[in-house]
Every structure is written in C-alpha cells, then in structure tokens.
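Protein chains in written order, with my numbering: chain A, 20 to 237; chain B, 20 to 237.
All C-beta atoms in this analysis are idealised placements derived from N, C-alpha and C, irrespective of residue type, glycine included.
This is the structure:
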C-alpha cells in the first residue's frame, strides 16, 4: 500500500505523492478529471508513436497496441464519469512532468529506446501510485473509478520496464543506473513545489509557501 | 455484395476495386499484409489525432476512441497472422492514396472538420470494400481474416459519415456536393494506374500498360 508521505512504497518510485498534492486534488476535482482524461489519451498516443518509431519490432508493437487499447478504454470511462459529474472539458496547458522526464531521453539509439521505455515506466508507475493514493480521499464515484484503474495501471509500468530491459539486453548495457537517474528526476518533479496543478504535478507552490511560512514561525 | 468491376456496389463509393488490382494483390501477398497492418495502425493514429484536434467534442472523442480500439485490435490480428505466415515486417514508402485524399481537405474551420470526417469515411469505406473483394480470392487464412474485418469496417465509414453530417449541420451547410467531390477523387485514385502496389493503390501501372497494349492490338 502506498500512502502519502510513505516514500518508496511503489517498487519503482523513490517518493510518494505528497499529502499537500492530495489536499490540492480534493479542491481541484474538475482539473484533476479533465487532466486525467488527457493523460489517458496521451498515454495511448505515446504507445502508438512507439509502434511507429519501432515498426519492425513486433513484440513491442503487440504490447503497445494492447496498452493503448486499455488506455483508451480508461479514457472512455473517465470521460463518461466527467459527463455524469457535469464537468465540462477544456484545454489545459501541459504541466512540467512529461516534459521534465522527456528532457532526460537520449537522442541517439540504442540509448533512446531504453530511455523512452524507462520514461514510460515511470509515468505509468506514478499514475498507478496516484490512483491508489487518491482512491480513499477523493470521494465516490471518482474514488471507485481510481481504485479500478489502479489495478490495470499496475501492469503497465511492468510492460514498459520489460521492454526497457529487453532493449538494454540487446544493446548489452545495464539499466540500473539509468533507472536510478530517472527515479531521482521523477521524485523531484513530484515533490518540488509546482506552480500548476495537474494529475502529475508536484505539491502546489502556494501551499508550500504557506507551509514554509508556518514552519518558520513555529 | 461488391464484386470487382461492379462500380457503385458500396453505398459511398463510385468505383469498385479493379480486377487488375485484385490480381496484383494475389501476387503481392506479403506487401498487402505488411501495408494492411500499417493501415490499421494509421487508422488508430488518425482517430487519436482527431480526439486531440477536437478535444472539447466529447461525442467525437468517444466514437473515435472506440474506433481506434477496434483498429488496434485488427492490427493485432493481422500482425499475428503475418507472423504465422512468416511475413517479416519492413518499412514501406506510403502510397498516393491517403495523401491524395488529404489534398482535398480544407485548411480553415468549420470546413476542415467536415472534410476530415468525409476523408475518413472514404478510407474506411474503401477498406471495407477491399476486404469483401479480397476475401474470396486471396486464399485462407487471409481470406477468413478479411471476411471478418469486412463486417467491423462496415460500421466505421458510418461513424465518420455521421460525424461529418453533424459537423455540417452545426455549420449550417450541406455536404452532398462535397461528398460527391471526394467520391470522384477517391475513384480516380483507385482506378487510375498506380506505380506502387499498396492496400489502397490503383491497378498496377505495368499491367495497365499491358492491357492497353493488347486493347490496341485487338
């Protein structure tokens, strides 16, 4: 079980979702849901892009195709719930998270494929961890949806990690140090104050400033 | 039933697949299968791109998401069969078909959305018509797969056509003339000699030259 403030609860992640982010999520339900729907679409889109980028790799294509289908089914579920809750979709500027991870990805092969797969594993692992942390605190019916998605997403980070290890084995390199690098960068994106609230953002900057203020005065 | 040489058998199309193309397909099974797998991936990718382009339109997103999932399942089926048949995937330069249709698409909204949906309807309608024409002539197990896909794809062109009519109603325009324009252009791409063999190509240029040669001498 991964609880807020319990770092390392997810096998891949080295920081749990901060309690301040969960508190912010309770107060920003609409943005959470709209951005979550976007994340499901983007996850499907990323999987498809990898199918085109590594078109000769049939195992990768098969696993990415199944993953993309599952992400799209999740998108349909969250969009249906959003409609039931009267949440109107709108365009949101992207947060820093995906861009922050993408910045670590090598440009040249074979390192690029390994990095893309590691980045995918972290995004899926974080989604999984957030679903589990959100489920008990966000209230029904969102909590019920997130609890269901948590189980599905728990498989996805393993798909990416398997593909990363397979690509690394083919290239004859070890990926443990690279995974640790991504883990540190990912943890920073999740724990450092973030000016924007999103599904994968850090704790809100304002709350953090307030927390620092109160720590200062105590 | 749509048979080669029976123009207008499909409700949307104004030319049936030429017999010369079907003959070429029988002799180019590997390219047919590799390109068909590509087409399924591209169909999913196009549907996803439309979900991003018209992100506020929840009905469109829901229908495109379901369609993309179905295309991906078809991709998995054809990839599995390709593997069983020992067909090794390789990159193929794109044919002229999709590009030829895309050239008709308006750049400005609301015409662009209508055109994109009409183009999607024609691509799906042609796939459907080709599956039906190929099934009895390509031999098992491909014929069996194509017969199955034909039924699924028969729904897809209607999804696009519904969305085109809905976008047109919203814009207060009629689309019958526009559909007729696309139908003429699509028929030309399918019936005029094509230097490249692909799932959506025209009859092969060489065969056509031979046919013209024999017509000349008769």
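DSSP three-state assignment for residue i, whether helix, strand or coil
i                     : result
residue 81 (chain A)  : helix
residue 235 (chain B) : Caution applies to residue 235 (chain B), whose pLDDT of 40 falls short of 50 and renders its modelled position unreliable; the model cannot decide the point.
residue 76 (chain B)  : coil
residue 223 (chain A) : strand
residue 122 (chain A) : coil
residue 158 (chain B) : coil
residue 89 (chain A)  : helix
residue 106 (chain B) : coil
residue 55 (chain B)  : helix
residue 172 (chain B) : helix
residue 31 (chain A)  : coil
residue 63 (chain B)  : helix
residue 95 (chain A)  : helix
residue 26 (chain A)  : Note on residue 26 (chain A): pLDDT 40, under 50, position unreliable in the model; the coordinate value appears next. Here residue 26 (chain A) sits in coil by DSSP.
residue 211 (chain A) : coil
residue 186 (chain A) : helix
residue 101 (chain A) : helix
Test item: CB-CB of residue i and residue j under 8 Å
i                     : j                     : result
residue 119 (chain A) : residue 34 (chain A)  : no
residue 152 (chain B) : residue 180 (chain B) : no
residue 156 (chain A) : residue 41 (chain A)  : yes
residue 122 (chain B) : residue 219 (chain B) : no
residue 161 (chain A) : residue 96 (chain A)  : no
residue 172 (chain B) : residue 150 (chain B) : yes
residue 198 (chain A) : residue 137 (chain A) : yes
residue 168 (chain B) : residue 82 (chain B)  : no
residue 206 (chain A) : residue 31 (chain A)  : no
Endpoints, alpha helix (DSSP H) assigned at residue i
i                     : result
residue 193 (chain A) : No alpha helix (DSSP H) holds residue 193 (chain A); DSSP gives it neither H nor E.
residue 112 (chain B) : Note, residue 112 (chain B): premise wrong, no alpha helix (DSSP H); not H, not E.
residue 153 (chain A) : 130-153
residue 217 (chain A) : It is not in any alpha helix (DSSP H) - residue 217 (chain A) carries neither H nor E in the DSSP assignment.
residue 239 (chain A) : With chain A covering 20 to 237 only, the question about residue 239 (chain A) has no answer from this structure.
Nearest neighbour of residue i, chosen from the options [CA to CA]
i                     : options                       : result
residue 147 (chain B) : B:59, B:216, B:53 and B:48    : B:59
residue 111 (chain B) : B:55, B:151 and B:87          : B:55
residue 129 (chain B) : B:208, B:82, B:41 and B:185   : B:185
residue 142 (chain B) : B:154, B:167, B:178 and B:157 : B:178
residue 98 (chain A)  : B:97, B:84 and B:92           : B:84
residue 252 (chain B) : B:46, B:158, B:87 and B:109   : Any property of residue 252 (chain B) remains undetermined from this structure, which presents chain B solely from 20 to 237.
residue 45 (chain A)  : A:154, A:32 and A:196         : A:154
residue 73 (chain B)  : A:108, A:170, A:117 and A:68  : A:108
residue 190 (chain A) : A:212, A:127 and A:169        : A:127
residue 57 (chain A)  : B:61, B:70 and B:57           : B:70
residue 77 (chain A)  : B:67, B:206 and B:94          : B:94
Spatial neighbours of residue i in its chain, beta-carbon cut-off 6 Å, leaving aside the 5 residues before and after
i                     : result
residue 49 (chain B)  : 106
residue 134 (chain A) : 124 and 125
residue 91 (chain B)  : 63
residue 215 (chain A) : 114
residue 166 (chain B) : 154
residue 187 (chain B) : 133 and 194
residue 66 (chain A)  : 83, 86 and 87
residue 158 (chain B) : none
residue 75 (chain B)  : none
residue 43 (chain B)  : 216 and 223
Same chain only: Cβ atoms within 8 Å of residue i, ignoring 5 sequence neighbours per side
i                    : result
residue 52 (chain A) : 97, 100, 101, 104, 106 and 161
residue 89 (chain B) : 171 and 175
residue 61 (chain A) : 117
heavy atom of the ligand ATP below 7 Å from residue i C-beta
i                    : result
residue 71 (chain A) : In the structure on display, the ligand ATP does not appear, and there are no ligands present to speak of.
Own chain, CB closer than 7 Å to residue i, minus 5 neighbours either side, in chain order
i                     : result
residue 131 (chain A) : 124 and 125
residue 241 (chain B) : Summary: the structure shown does not reach residue 241 (chain B), with chain B confined to residues 20 through 237, and so no result is reported for it.
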